[in-house]
Amino acid sequence: MEMNSANVEAVVKQVLESMLEKKVPEAAPAQKAAGNEIPKTAHVAMLTALEHFEIKEYPMPEVGDGDILVKVEGCGVCGTDAHEFKRDPFSLIPVVLGHEGTGEIVKMGKNVKVDSAGKALNLGDKVVTCMIFKDDPEITMYDLNKQNVGGADVYGLLPDDDVHLNGWFSDYILIREGSTVFNVSDLDLKSRVLIEPCAVLVHAVERAKTTGILRFNSRVVVQGCGPIGLICIAVLRTMGIENIVAVDGEQKRLEFAKRMGAEKSVNFKDFQGIDALAQGVKDAFGGHAADFAFQCTGSPIAHANIYKFIRNGGGLCELGFFINGGDATINPHFDLCSKEITLVGSWVYTLRDYATTFDFLKRAKAIGLPIDDLITHEFPLEQINEAHQTNLAMKGLKIAIINK
Ligand SMILES: NC(=O)c1ccc[n+]([C@@H]2O[C@H](COP(=O)([O-])OP(=O)(O)OC[C@H]3O[C@@H](n4cnc5c(N)ncnc54)[C@H](O)[C@@H]3O)[C@@H](O)[C@H]2O)c1
Ligand SMILES: [Zn+2]
Numbered sequence: 001m002e003m004n005s006a007n008v009e010a011v012v013k014q015v016l017e018s019m020l021e022k023k024v025p026e027a028a029p030a031q032k033a034a035g036n037e038i039p040k041t042a043h044v045a046m047l048t049a050l051e052h053f054e055i056k057e058y059p060m061p062e063v064g065d066g067d068i069l070v071k072v073e074g075c076g077v078c079g080t081d082a083h084e085f086k087r088d089p090f091s092l093i094p095v096v097l098g099h100e101g102t103g104e105i106v107k108m109g110k111n112v113k114v115d116s117a118g119k120a121l122n123l124g125d126k127v128v129t130c131m132i133f134k135d136d137p138e139i140t141m142y143d144l145n146k147q148n149v150g151g152a153d154v155y156g157l158l159p160d161d162d163v164h165l166n167g168w169f170s171d172y173i174l175i176r177e178g179s180t181v182f183n184v185s186d187l188d189l190k191s192r193v194l195i196e197p198c199a200v201l202v203h204a205v206e207r208a209k210t211t212g213i214l215r216f217n218s219r220v221v222v223q224g225c226g227p228i229g230l231i232c233i234a235v236l237r238t239m240g241i242e243n244i245v246a247v248d249g250e251q252k253r254l255e256f257a258k259r260m261g262a263e264k265s266v267n268f269k270d271f272q273g274i275d276a277l278a279q280g281v282k283d284a285f286g287g288h289a290a291d292f293a294f295q296c297t298g299s300p301i302a303h304a305n306i307y308k309f310i311r312n313g314g315g316l317c318e319l320g321f322f323i324n325g326g327d328a329t330i331n332p333h334f335d336l337c338s339k340e341i342t343l344v345g346s347w348v349y350t351l352r353d354y355a356t357t358f359d360f361l362k363r364a365k366a367i368g369l370p371i372d373d374l375i376t377h378e379f380p381l382e383q384i385n386e387a388h389q390t391n392l393a394m395k396g397l398k399i400a401i402i403n404k
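If you're matching positions, the sequence shown starts at 1 in UniProt numbering and goes up one per residue.
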């Protein structure tokens with residue numbers, strides 16, 4: 001066929017038309033699944049009695065104009081879940097737990113356009129929720145306690161309702177209109193599962209910075225090398241603070257602390273009495289007491305001890321007591337007044353810290369910190385009871401439910 005300009009035009013038109021035909025969507029994009037078909041039912045792990053989760057099946061709910069249906073990829077097991085599992089202190093049973101979760105948007109209402117930070121949301125995006133209300137970026141758990149927490153958007157901590165899919169220990173979750181939700185598609189699955197505990201440390205370090213004592217070249221002691229202390233070390237390292245001494249009684253955890261960036265470690269079990277231990281910490285800093293200390297254990301004795309590691313005029317951030325762990329005895333004259341210690345407490349995080357945490361995770365990985373290794377155990381949803389028992393037995397660091 002001779003290709004004159006009229007012919008070319010006709011061919012182009014034909015091709016364009018056929019392309020357009022193929023492009024006509026079968027359903028509105030907001031109502032189409034990103035990957036596989038959305039099943040008719042969803043599964044949640046519901047805590048129906050102490051230390052007993054049951055997998056329950058419910059019809060897939062309607063997705064309202066402002067709602068988001070998420071296919072859950074994974075969710076970390078938190079200390080709060082452990083308290084609920086063991087004692088139900090907040091009388092939530094029956095409840096679907098899991099607030100450290102993440103997954104992929106598979107369906108969303110027509111009014112959903114952006115996340116709580118103003119970033120576009122599309123099918124296939126990976127998201128997390130946040131326990132802190134979006135209205136006030138500086139609001140903390142402290143303020144939340146005085147408000148109606150059961151307002152709208154807390155997932156994994158509210159009793160079951162008639163929609164049922166309201167915790168991240170599940171295969172699908174319905175994020176309801178008005179919830180705080182973030183598009184974190186640029187983070188890998190493990191990072192996304194670790195956002196919530198990491199936000200606790202971003203907040204603690206922000207609290208520490210308010211003292212004006214924490215600087216690039218500060219000597220910093222981190223006491224307690226569970227997930228909280230280890231992440232504390234990682235946050236300090238990403239800020240450029242390198243002179244870090246980790247204190248714990250578990251050698252394996254102290255070794256991890258070094259991989260995470262602590263320069264030296266001190267095993268308190270190697271010392272008899274607090275004076276010897278304080279000298280051990282001093283020796284680790286080459287004969288100096290610490291400029292700043294982070295208390296990351298739930299032990300009142302550890303709280304009393306930590307003042308002895310800090311120099312006159314130094315600072316302390318106490319964050320180890322998320323719940324009441326009992327009274328600690330200090331000597332206000334020797335430990336606080338005469339040393340002029342600046343002390344800050346830290347509890348949970350603000351919404352701003354939560355968003356900052358996304359960048360922290362990228363930076364930590366970029367400088368080679370072994371953040372992923374904090375997740376030591378992965379279980380499928382069906383083994384959620386085993387996952388929680390493993391967590392209670394303190395067999396690992398972070399335990400996660402990962403849906404295959
Ligand atoms: N501030 C907050 O918002 C917040 C949030 C989450 C957790 N927390 C608290 O942080 C604490 C730590 O959490 P985690 O998940 O890492 O707990 P964890 O139990 O896994 O770790 C605590 C570590 O402290 C060590 N330890 C105990 N006594 C010690 C002592 N005398 N000296 C030095 N080390 C000692 C233990 O060996 C353990 O490795 C918990 O008590 C938790 O309640 C606080
Ligand atoms: Zn948590």
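Just so it is clear, CB atoms sit at the ideal spot from N, CA and C, and this is done for glycine as well.
Heavy atom of ligand 1 less than 7 Å from the Cβ of residue i, yes or no?
i: Ala-302; result: yes
i: Asn-331; result: no
i: Val-348; result: yes
i: Gln-223; result: yes
i: Ser-299; result: yes
i: Leu-319; result: yes
i: Phe-268; result: yes
i: Glu-206; result: no
i: Ile-274; result: no
i: Cys-337; result: no
i: Phe-294; result: no
i: Glu-255; result: no
i: Gly-240; result: no
i: Asn-324; result: no
i: Ala-403; result: The sequence shown places Asn at residue 403, not Ala. Checking the Cβ of Asn-403 against ligand 1 gives no.
Please report the distance separating the alpha-carbon of residue i from that of residue j.
i: Ser-116; j: Asp-270; result: 49 Å
i: Leu-47; j: Lys-282; result: 47 Å
i: His-99; j: Phe-169; result: 8 Å
i: Leu-369; j: Val-247; result: 19 Å
i: Pro-29; j: Lys-86; result: The predicted model places Pro-29 with a pLDDT of 42, which falls under 50 and marks its position as unreliable; any figure quoted below should be read in that light. In a straight line, the C-alpha of Pro-29 is about 43 Å away from that of Lys-86.
i: Glu-37; j: Glu-57; result: 17 Å
i: Lys-365; j: Leu-97; result: 29 Å
i: His-303; j: Asp-125; result: 43 Å
i: Gln-383; j: Gly-79; result: 18 Å
i: Leu-187; j: Pro-380; result: 21 Å
i: Thr-357; j: Ile-132; result: 14 Å
i: His-397; j: Arg-176; result: The displayed chain sequence assigns Leu, not His, to residue 397. Cα to Cα, Leu-397 sits roughly 31 Å from Arg-176.
i: Val-128; j: Asn-122; result: 14 Å
i: Asn-391; j: Pro-197; result: 15 Å
i: Phe-294; j: Val-220; result: 8 Å
i: Ala-387; j: His-377; result: 8 Å
Any heavy atom of ligand 2 within a distance shorter than 7 Å of the CB on residue i?
i: His-99; result: yes
i: Glu-84; result: no
i: Pro-197; result: yes
i: Thr-390; result: no
i: Cys-130; result: no
i: Thr-80; result: yes
Does the beta-carbon of residue i have 16 or more other beta-carbons within 10 angstroms, so that it is buried, or is it exposed?
i: Leu-50; result: exposed
i: Ser-285; result: The residue asked about is misnamed: residue 285 is Phe in this sequence, not Ser. Looking at its Cβ environment, which holds 16 or more other Cβ atoms inside 10 Å, Phe-285 is buried.
i: Gly-345; result: exposed
i: Asp-162; result: exposed
i: Lys-110; result: exposed
i: Asn-331; result: exposed
i: Gln-272; result: exposed
i: Asn-183; result: buried
i: Ile-323; result: exposed
i: Ala-400; result: buried
i: Met-108; result: buried
i: Lys-264; result: buried
i: Gly-315; result: buried
i: Asp-67; result: buried
Would you check whether ligand 4 has a heavy atom nearer than 7 Å to the C-beta of residue i?
i: Pro-59; result: Summarising the ligand content, the structure contains ligand 1 and ligand 2 and does not contain ligand 4.
Is there a C-beta anywhere in chain B that falls below 8 Å from the one on residue i?
i: Lys-56; result: The question asks about chain B, but that chain is absent: this structure has only one protein chain.
| message | In chain order, what are the residue ranges of uninterrupted beta strand (DSSP E) at least 3 long that sit wholly in the region 24–96? | response | 41–49, 52–59 and 68–76
| task | Report the residue ranges of all alpha helix (DSSP H) runs contained in full by the UniProt domain "Alcohol dehydrogenase-like C-terminal" (227–362); include only those spanning at least 4 residues, in chain order. | result | 227–238, 251–259, 273–284 and 300–306
| message | Ignoring anything shorter than 3 residues, give me the beta strand (DSSP E) runs that lie fully in the region 157–223, in order along the chain. | response | 172–175, 181–183 and 220–223
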